[in-house]
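If you count the sequence shown from 1, position 74 lands on 74 in our numbering, and the numbers rise without skipping.
Accompanying notes for the structure given below.
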Amino acid sequence: MDRFRAFVVDQQGSTFHSGIRELTLNDLPAGDVTIRVRYSSVNYKDGIVSQPNSRLVQTYPMVPGIDLAGEVIHSTDRRFHEGDEVIVTSYDLGTGHFGGFSEVARVPAEWVVPLPKGLSMREAMILGTAGFTSALSLKRMEDNGLTPEKGPILVTGATGGVGSTAVSMLSQLGYSVTAATRKQTEHAFLKELGATDIIHTDELVVPENARPVDLPERWAGAVDPVAGKSLIYIFHTLQYGGSVATSGFTGGPEIATTVFPIMRRAISFIGIDSVWCPMAVRAPLWERIGAELKPKTALEQIVNEVTMESLPNVLSQILQGQARGRTIVKL
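See the structure below:
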């Protein structure tokens, strides 16, 4: 494939362009492994990259897409061979290095994970960075002692990519899951994913002048891709010794609180970084995602499959909070 299509964003001065372009292999950045991309997925970060003056783009032009799955075309690294099915998620993909919204990609070998047993390339992209982030959140809380017997788990932003995959994975492992969302029309969807209870996001607010332990203990843990005010509420309502794994900030990056609820209830506040997660953790966790964490019934319920031509509309929707579940791009 000497010539192929890619969705490219470019900004020169105040002039911004985005759209499908024809590229050649010579246009690709340096790397050890060249991949025929079959699927990518759409993430909130991709939406930010698609905007003018994006704070995430290291250099223009850029091909967004922080996830990809495909077959190796060529490799200078002996670990990978022509025809191998592989996935790449995060690192600088789609922000500082041409990403997955392209029919062909070239990446460093250190970023490449062999497609896990139990997952097709399509399924791997339905899960993608969002599913990996959910699994990493669960693992870090398990390392902190979390088990289904400890009590219910709160999942914020439950209809989004991280939230929906977390609801499915947790419920599948036997956890009682409370899903938080603003979208009343999605209650049936969340129940299908395995949510035991559903609450409105507006309920995740600490009453004014509440003391650190005024609110009752409710959750053994929380998967939180939202942060903001809801994270403050989580601090005030976790059980003694509970944990919260925060992986995003769609509710805002700043929190105005004190350390008192964290200290008084011995809370573990866990930051989740799926971008530079070490391969020693990443590869085994992907294997687990292909096994016990793979949603048995939910994958087709949470997926919306689109083509490259639909990307402008889809990227706009995800920034406006209108996305549901996971959107994958077939290339």
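Glycine included, every Cβ here is placed at the ideal spot set by N, Cα and C.
Everything numeric in this text was worked out from a predicted model, so none of it was measured.
TODO: Give me the Cα-Cα distance between Arg282 and Ala135, rounded to the nearest whole angstrom.
DONE: Reading the sequence shown from its first residue, position 282 is the one you call residue 282. Reading the sequence shown from its first residue, position 135 is the one you call residue 135. If I take the Cα positions, the gap works out to 10 Å.
Open item on the list: Tell me the residue span of the alpha helix (DSSP H) that contains Val281.
Closed with: Counting from one through the sequence shown, the residue named residue 281 turns up at place 281. Met279 to Ile289 is the span of the alpha helix (DSSP H), which, as asked, contains Val281.
Open item on the list: Given a cut-off of 9 Å on the beta-carbon distance, is the pair Ile73 and Thr34 in contact?
Closed with: The residue given as residue 73 occupies position 73 in the sequence shown. The residue given as residue 34 occupies position 34 in the sequence shown. In contact: Ile73 and Thr34 (Cβ atoms closer than 9 Å).
- [ ] Leaving out five residues on either side along the sequence, give the residues of the same chain with a beta carbon under 6 Å from the beta carbon of Val63.
- [x] On the sequence shown, position 63 is the one that residue 63 refers to. Closer than 6 Å at Cβ, skipping near neighbours: Ala6, Val8, Phe98, Gly99, Phe101 and Ser102.
Open item on the list: In the DSSP assignment, the alpha helix (DSSP H) including Asn304 goes from what residue to what residue?
Closed with: Taking the first residue of the sequence shown as 1, we reach residue 304 at position 304. Segment Val303 to Val306 is the beta strand (DSSP E) holding Asn304; no alpha helix (DSSP H) there.
- [ ] Pick out whichever of Asp84, Leu115 and Thr129 has its Cα sitting closest to the Cα of Ser90.
- [x] Mapped onto the sequence shown, residue 90 falls at position 90. Comparing Cα-Cα distances from Ser90 to each of Asp84, Leu115 and Thr129, the minimum goes to Thr129.
Task: Member of Leu193, Val162, Phe189 and Asn26 whose CA lies at the smallest distance from the CA of Gly174 - done: Position 174 of the sequence shown, counted from the start, is the residue given in the question as residue 174. Comparing Cα positions, the closest option is Leu193.
Open item on the list: Contact between the stretch 107-116 and the stretch 135-153 is defined here as three or more beta-carbon pairs at a separation below 8 Å; is this criterion met?
Closed with: no
Open item on the list: Going by DSSP in three states, Pro114 sits in which element: helix, strand or coil?
Closed with: If you number the sequence shown from 1, residue 114 lands on position 114. Strand at Pro114.
Task: Beta-carbon contacts of Ala166 that lie in its chain and below 6 Å, excluding the five residues immediately before and after - done: The residue you call residue 166 lines up with position 166 of the sequence shown. So the list reads Ser134, Val155 and Val223, once near-sequence residues are dropped.
Open item on the list: Taking 9 Å as the threshold (C-beta atoms), are Gly31 and Val107 in contact?
Closed with: Against the sequence shown, residue 107 aligns to sequence position 107. Against the sequence shown, residue 31 aligns to sequence position 31. Yes, the Cβ-Cβ distance between Val107 and Gly31 is below 9 Å.
Open item on the list: Within 8 Å, do at least three Cβ pairs link the stretch 244-252 to the stretch 212-227?
Closed with: yes
TODO: Check whether the Cβ atoms of Leu231 and Glu217 lie closer than 9 Å to each other.
DONE: Taking the sequence shown and counting its residues from 1, the one referred to as residue 231 is at position 231. Taking the sequence shown and counting its residues from 1, the one referred to as residue 217 is at position 217. Taking 9 Å as the Cβ cut-off, Leu231 and Glu217 do not qualify as a contacting pair.
TODO: Taking all protein chains shown into account, decide if Asp46 is buried (16 or more other Cβ within 10 angstroms of its Cβ) or exposed.
DONE: Locating residue 46 in the sequence shown gives position 46, counting from the first residue. Buried, since its Cβ has 16 or more Cβ neighbours within 10 Å.
Open item on the list: Let's see if you can read the secondary structure: which residues bound the alpha helix (DSSP H) around Tyr240?
Closed with: Taking the sequence shown and counting its residues from 1, the one referred to as residue 240 is at position 240. Taken as a continuous stretch (DSSP letters only), Tyr240 belongs to no alpha helix (DSSP H), being part of the beta strand (DSSP E) at Leu238 to Thr246.
Task: Host alpha helix (DSSP H) of Glu123 (start-end) - done: As a position in the sequence shown, residue 123 is number 123, starting the count at 1. It spans Met121 to Asp143 - the alpha helix (DSSP H) in which Glu123 sits, taken as one unbroken run.
Open item on the list: Just list the residues that DSSP pairs Lys296 with in beta bridges.
Closed with: Residue mapping note: residue 296 aligns to position 296 of the sequence shown, counting from 1. None, per the DSSP bridge assignment.
Open item on the list: Quick check on this structure: which residue in Thr257, Asp202 and Ser176 has the alpha carbon closest to the alpha carbon of Gly221?
Closed with: Here the question's residue 221 lines up with position 221 in the sequence shown. Out of Thr257, Asp202 and Ser176, Ser176 has the C-alpha closest to the C-alpha of Gly221.
Task: DSSP-derived helix/strand/coil call for Leu93 - done: Within the sequence shown, the letter at position 93 stands for residue 93. Three-state DSSP puts Leu93 in a strand.
TODO: Measure the alpha-carbon distance for Leu268 versus Leu319 and round it to whole angstroms.
DONE: Here residue 268 is taken as the residue at index 268 of the sequence shown, counted from 1. Here residue 319 is taken as the residue at index 319 of the sequence shown, counted from 1. Looking at the sequence provided, one finds Ser at residue 268 rather than Leu. So the two alpha carbons sit approximately 30 Å from each other.
Open item on the list: Residues in the same chain with beta-carbon distance under 6 Å from Pro261, minus the five sequence neighbours each way, listed in chain order, please.
Closed with: In the sequence shown, the residue the question calls residue 261 occupies position 261. Non-local beta-carbon contacts of Pro261 in its own chain, meaning distances under 6 Å to residues more than five positions away in sequence, involve Pro212, Phe235 and His236 in chain order.
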